[in-house]
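Structure first, then comments.
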Amino acid sequence: MVRCRHDRSHRAASMMNVHFLQISDTHWSRSPIADGIDPGQRMDRLCRWIQSLDAPIDFIVHTGDLVHRGHIEGDDGSSTEQVVSLLRSLPYPVHCVVGNHDHRAAWPRILGSMPGDRLPCYRQRWAYHFQLRNERFFILDGRDDAAIDPRGMLGEAQIESLSSVLASTSEPATVFVHYPPLPLECDWIDRTMLLIDGDELHRVLAKHRNRVRGVFFGHVHRPVALQYEGVLYASTGGVAMHFPNLPMETSATPQSDPIAFANYVCVGDSGTLLKTQWVQW
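Whatever position you read off the sequence shown (first residue = 1), add 458 for our numbering.
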């Protein structure tokens with residue numbers, strides 16, 4: 459639980475809260491991608507679990523890497539179509555963040571138009587914002603040139619666009635991005651996985667810390683939470699597999715733990731409430 463106060467006196471106000479489910483790093487593939495790691499089976503199990511939930515959910519957000527091989531030259535987008543079909547079978551609106559394994563060029567054809575107001579960026583990135591009740595949400599796109607992969611970069615235009623919208627609006631803001639913006643005290647993550655311009659993103663958000671609900675990301679395949687200068691950063695675990703994240707870990711060794719993670723999050727007048735969930739196989 460993060461930054462939340464909850465009692466009976468706040469129940470009336472809860473009608474204005476927004477609840478969302480964060481999933482990430484499904485790495486969908488038609489066949490296992492490593493020994494004991496079958497993303498297709500795990501995705502199917504996760505979808506059945508979501509279908510069974512009896513909880514308020516306004517939308518689902520997937521924070522990147524829908525598929526495992528979408529970034530490979532020659533990918534035809536069919537695996538992305540399969541994952542999107544599974545997500546659209548769920549009874550909730552779905553928002554998607556571009557990950558470093560995703561086929562961004564195929565998204566307009568498969569996902570259609572952006573379900574919000576586009577954030578001006580170079581290279582037509584998948585970046586937009588939308589409002590739900592009294593809350594504003596930002597989908598950012600940190601996928602950049604293959605030369606820096608698996609690191610990401612938002613770019614000056616996208617950060618300036620975010621800053622401009624925040625300066626001209628007053629609603630509380632929640633941000634979604636694939637890459638962790640700040641170091642997480644893990645050797646391999648901090649060397650290879652961060653947003654190159656994460657500090658610049660943080661400086662923008664810190665100016666509005668009193669109304670930033672949090673920054674939710676994927677990419678690291680484990681739940682992590684960091685509060686820095688009044689801004690909450692939180693990840694969810696990867697559906698397909700998990701990676702170690704302790705300080706001395708030097709490489710991303712896939713782990714086929716028998717669980718898949720999701721974050722159930724409530725944002726509203728009481729703050730940000732985060733509940734990590736898991737699915738047992």
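Built from N, CA and C at the ideal position, the CB exists for glycine as well. Values in this document were obtained by computation on a predicted structure and should not be read as measured data.
Secondary structure of GLU643, DSSP reduced to three states:
coil
Buried versus exposed call for THR521 [16 or more other C-beta atoms within 10 Å across all chains shown]:
buried
Anticipated Cβ contact below 8 Å, ASP560 with CYS579, distance rounded
That pair is no contact at about 16 Å.
Does the beta-carbon of PRO497 have 16 or more other beta-carbons within 10 angstroms, so that it is buried, or is it exposed?
buried
Which residue's Cα is closest to the Cα of LEU577: ARG680, HIS677, SER622?
Closest by C-alpha distance to LEU577, out of ARG680, HIS677, SER622, is SER622.
For VAL635, collect the residues of the same chain with a Cβ closer than 6 Å to its Cβ; drop the 5 residues on either side in sequence, then sort them by chain order.
LEU598, GLY600, PHE675
What's the gap between the Cα of GLY729 and the Cα of LEU690?
11 Å
Express the C-alpha separation of ARG500 and MET651 in angstroms, rounding to a whole number.
24 Å
Using 8 Å as the Cβ pair cut-off and three pairs as the minimum, do the stretch 578–596 and the stretch 607–618 touch?
yes
Exposed unless 16 or more other CB atoms sit within 10 angstroms - verdict on ALA698
buried
Count the other CB atoms within 10 Å of the CB of ALA563; is the residue buried (16 or more) or exposed (fewer)?
Flag for ALA563 reads exposed.
Going residue by residue through the stretch 623–686, where are the continuous beta strand (DSSP E) segments of at least 3 residues, counting only ones entirely within it?
631–634, 670–675, 683–686
For TRP486, count neighbouring Cβ atoms within 10 angstroms of its own Cβ and tell me buried if that reaches 16, exposed if not.
buried
Quick one: what's THR730 bridged to in DSSP?
Paired residue(s): VAL725.
Can you give the Cα-Cα distance for PRO641 and SER709, rounded to whole angstroms?
Their Cα atoms are separated by approximately 15 Å.
According to DSSP, what are the bridge partners of TYR586?
ARG576, ILE597
My output table needs one value for GLY610: the three-state DSSP class, helix, strand or coil.
strand
Would PRO647 and VAL678 be called neighbours here (beta carbons separated by less than 7 Å)?
Sequence inspection shows Ile at residue 647; the Pro mentioned does not correspond to that position. In this structure, VAL678 lies closer than 7 Å to ILE647 by Cβ.
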